[in-house]
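Residue numbers (this note's numbering): 3 to 187.
Where a beta carbon is used, it is the ideal one built from N, C-alpha and C, also for glycine.
So the structure is just underneath, and the comments pick up after that.
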Amino acid sequence: MCNLRWRRTFKANVMWPKSSSKKEWATVDADLIKILDGVKGTVEKKLEKIGDLIYVYGAERFGTKQTGKKDMTPTIPPKSRRQQEIQRLVKQRRDLRKQWKRASVEERAGIDLLQTDLKGRLGRLRRAENLRTRRKRKERARTTFYKDPFRFVKGLFTKEKSGSLKVPKRELEDHLKTTHRQPKI
């Protein structure tokens, strides 16, 4: 049995050349053969070093892909089709309001009809979007409950402490003693 130790380390991926570029791979093979011939030691030692040598060579020659949560910048999720439609309708409503202010009395009746139609469509879309977000919120709460029900319930009943004490602590303690003291009978 071979006595190789496997290390589990996460390294950035090397941007190796495409497999169709035969010329590039021929030079990679030639360079790696020269490097590996220069390695001294037993076969086991060479086998331990071969992976690291190939990785270092590839990283220096071709570079690495930047991955990982620290390197990634937070991205704004793209708007859904419905959200884009809502945004477009809001802009149309704003434009219609401006047109209504500039329009004559006869034109205002037509613009009013367009505005009522727009209001109905916008209401339906917003209602559907609110239902979707409420459903997502419920689903998220359900999954967190299934993952750790005790933490979920603790989060329901323990509220975060907020605010700051503007009275000296001694004065507060005296007030609590006087208000909550048991009367002597």
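In its chain, beyond the 5 residues on either side, Ile113 have a beta carbon closer than 8 Å to the beta carbon of Ala105.
The beta carbons of Gly60 and Trp18 sit closer together than 8 Å.
C-alpha of Leu98 to C-alpha of Gln117: approximately 7 Å in a straight line. Under the three-state reduction of DSSP, Thr180 is assigned to helix. With fewer than three CB-CB distances shorter than 8 Å, the region 140 to 153 does not count as touching the region 117 to 131.
Rounded to the nearest whole angstrom, the CA to CA distance from Leu133 to Ser23 is 52 Å. Counting only runs that start and end inside the region 128 to 184, the alpha helix (DSSP H) elements of at least 4 residues fall at 151 to 159 and 171 to 181. Taking the Cβ atoms as the reference, Val30 lies roughly 13 Å from Tyr57, outside the contact range of under 8 Å.
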